[in-house]
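Scroll down for the structure; my scribbles are underneath it.
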Amino acid sequence: MKNFILTIGVAASSMLVLAGCTKDPLDKMTEEESRIYITNHDSTANFSSYTTFSVADSVAVINNNKLEEKSLTDVDAAFIAAVKAQLTARGYTLVAKDANPDLGININRIYNTYSGIVSYPDYWGGYPGIWDPWYWGYPGYGYYWPGFYGVYSIREGALSIDALDLKNAGKDNKIHGIWNGLIRGSGIFRPGNGDSQIKALFDQSPYFKRS
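Reminder that position 165 of the sequence shown reads as 688 in our numbering, one-by-one numbering, no gaps.
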């Protein structure tokens, strides 16, 4: 049975924002402060036992749990390059996928769309005294609304990176995942953000190294 350890990281500055005495601190967060870095790893895996790695040459685009396409935009290429740089810096050797790499790395862009209906049956109920009916010359009256309904749709994007144990796949004819990194938040797919985000993800995985 595999034991996975979860690590969650956020920008230190975001903690200061959340602790501030503002009415709605989340509205004042920058894109960088909104990002959350989550890593999982197999506690039984010996990361120093792997020598070589290969990264998939494109990024999988997963929309609402379905594979939509394999993509290689400039942003995708930047993420691939950043992952290669991080693993190389940690002592692993990059090889072609047909050179029997010890580790296989998959990168995925994940999108999920959430929709629903929100109702406001008593719009003013939570705001007594803001507009007293007396203002309009009707002291002692109350407000009545027939109800409001709104339809909303939210699309959330995340970046997921999987490290797969190819070295030991032949033992039970299964490819085991030994590490996963997930980035969530605003602006993660903006050009120029790849290097810093991938570095932040690997920085909270100090065990992921050759020696």
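The beta carbon of each residue, even a glycine, is placed where N, CA and C say it ideally should be.
Quick caveat, the model's predicted, so the values are computed rather than measured.
THR562 sits buried, since 16 or more C-beta atoms from the chains shown fall within 10 Å of its C-beta.
In the pairwise beta carbon analysis, the segment 696–703 is classified as not touching the segment 577–584: fewer than three pairs are separated by under 8 angstroms. Within the same chain, THR562 come within 6 angstroms of SER728 by CB-CB distance, once the 5 residues on both sides are set aside. Taken atom to atom, the span from the alpha-carbon of PHE602 to that of LEU687 is near 17 angstroms.
Counting every other CB atom within 10 Å of its CB across the protein chains shown gives ASN703 a total of 16 or more, marking it as buried. Apart from the 5 residues on each side of it in sequence, ILE721 sits with its Cβ closer than 7 angstroms to the Cβ of PHE602, ALA605, VAL606, GLN609 in its chain, given in chain order. Rounded to whole angstroms, ALA723 and TYR664 show a C-alpha spacing of 58 angstroms.
Distances from the alpha-carbon of GLU554 to those of TYR730, PHE725, ARG733, SER709 put SER709 closest. Going by beta carbons, TYR573 and ASP621 fall outside the 8 angstroms limit. DSSP places ASP599 within a helical segment (H, G or I) once states are collapsed to three. Where ILE706 is concerned, there is no enclosing alpha helix (DSSP H), although the beta strand (DSSP E) around it starts and stops at 699–707.
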